[in-house]
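Only one structure is covered here, and it is reproduced in the block below.
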Amino acid sequence: MRVTAACLTVDMDHAEVLAQIEQLEEERDAELIGDPGRVALRRGTAQVVRSGGGVGILAPTPEGVHGLDVVAGEGDYRAVIDEAIATIPQSEPIRLWVRDGEPGDTRFTQERRLLIMGRSLPGPQLVVPKGIEIRAFEPTSDVYEWLGVNNDAFEGHPENGAWERSDLEARMSAPWFDPDGLRMAWEGDVLAGSCWVKQYPQGVGEIHVVGVATSHQGRGLGKMLVLEGMRWMSEHGDDEVILYTEADNTAVGLYERLGFEVQSTLESMIYRVS
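Each residue of the sequence shown is one higher than the last, beginning at 10 in this note's numbering.
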């Protein structure tokens, strides 16, 4: 997945920046900025920094770290980072997301490593346990149930945890959002977990967020939800599925058993003034 981009030199507001980046992503069939940066742009909470033909998206996080995505050619990459560092107060850390093909920056130290895994579709056969019902997300009634399970499953996670309604609504406003693609697993009237599917152009789908309530973990529902997401994508025209996972996540073994292979990596690097 290539992540460097062409020039973005014209002054523009957040919506225009997002629209131009999304156009570049469609042309290159690659994700140039991560979901937190994209959401922050839609909400108007991102800071946009520029240098030459490059642009940086600074997205705030609940933990007080500024997530930085850089969309630039090699000649402007370091200069955009310099602008970002100059923009943020020195006491506040910056998290730089570095994808395959990007040079990174030696002033940053490695924090986390994500694997981008993928496989072809269709996937293995789905078996739904007795007592579990899977249905689509209902935006008018399921918001708080979904938020409760998501925040339970991802407690302490820097990107997926501690979501509020506005965080979910910002993602629901994305062009790719389809409530039918947010698959909800219920046991009676209790939400056990969900698998959120994101579709890209050219027949690629993503297991975007999959989470199981702590009260329902250890029952194989995570595997079931991944398979449900794969089933849904296959039925909606996708030929390939990808997902992002922490390199040290115990679920990596499950994904490998389901036929996923590592396609590329994504690293988070932290800059702190010593």
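Ideal placement from N, C-alpha and C gives every residue a C-beta, glycine not left out.
Simplified DSSP state of residue i, which is helix, strand or coil
i              : result
histidine 245  : coil
tryptophan 155 : helix
isoleucine 143 : strand
serine 273     : strand
leucine 177    : helix
valine 74      : coil
alanine 81     : coil
arginine 192   : strand
glutamate 265  : helix
alanine 14     : Note that alanine 14 has pLDDT 38, beneath the 50 cutoff, so the model's placement of it is unreliable and the number below is only indicative. Of the three classes helix, strand and coil, the one that applies to alanine 14 here is coil, per DSSP.
Nearest neighbour of residue i, chosen from the options [CA to CA]
i                 : options                       : result
proline 188       : Ala171, Trp172, Ser150        : Ser150
phenylalanine 186 : Leu200, Gly127, Trp205        : Trp205
aspartate 109     : Glu40, Pro71, Leu67           : Glu40
methionine 193    : Val137, Glu31, Gln56          : Val137
glutamine 226     : Glu111, Glu196, Tyr209, Ala55 : Glu196
asparagine 159    : Lys139, Ser277, Gly231        : Gly231
serine 277        : Leu77, Arg87, Arg37           : Leu77
lysine 139        : Thr96, Gly229, Gln29          : Gly229
proline 71        : Ile30, Gly268, Ser182, Asn169 : Asn169
glycine 53        : Val26, Ala201, Asp38, Glu244  : Val26
alanine 201       : Asp176, Gln29, Ser224         : Ser224
alanine 183       : Trp106, Leu50, Tyr86          : Leu50
serine 129        : Asp38, Asp114, Val213         : Val213
arginine 121      : Ala28, Leu105, Tyr264, Glu244 : Leu105
threonine 259     : Ala179, Gly157, Leu123, Glu92 : Leu123
isoleucine 251    : His217, Glu31, Val221, Ile97  : His217
serine 243        : Lys207, Glu92, Arg180, Val57  : Lys207
threonine 96      : His245, Val57, Ser273, His23  : Val57
Cβ-based burial, residue i [other Cβ within 10 Å; buried from 16]
i             : result
arginine 240  : buried
tyrosine 280  : buried
tyrosine 153  : exposed
threonine 254 : buried
aspartate 247 : buried
valine 89     : buried
proline 45    : buried
glycine 285   : Since the first and last residues shown for the chain are 10 and 283, residue 285 lies out of range.
valine 282    : exposed
glutamate 164 : exposed
arginine 47   : buried
glycine 65    : buried
glutamate 34  : buried
arginine 266  : exposed
serine 175    : exposed
valine 107    : buried
alanine 28    : exposed
Legend entry - Segments of 4+ residues assigned as alpha helix (DSSP H) that fall wholly inside the stretch 26-70: 44-52
Legend entry - Three-pair Cβ contact test at 8 Å for the stretch 80-90 versus the stretch 59-68: yes
Legend entry - the stretch 128-145 contacting the stretch 189-204, beta-carbon criterion three pairs below 8 Å: Segments in contact, yes.
Legend entry - the stretch 94-110 / the stretch 226-238 touching (three or more Cβ pairs under 8 Å): Too few Cβ pairs lie closer than 8 Å, so no.
Legend entry - Completely contained beta strand (DSSP E) runs for the stretch 202-237, where each covers 3 or more residues: 213-221
Legend entry - Length-filtered (3 minimum) beta strand (DSSP E) runs lying within the stretch 88-140: Secondary structure remark: continuous beta strand (DSSP E) runs of at least 3 residues inside the stretch 88-140, in chain order: 103-108, 118-129.
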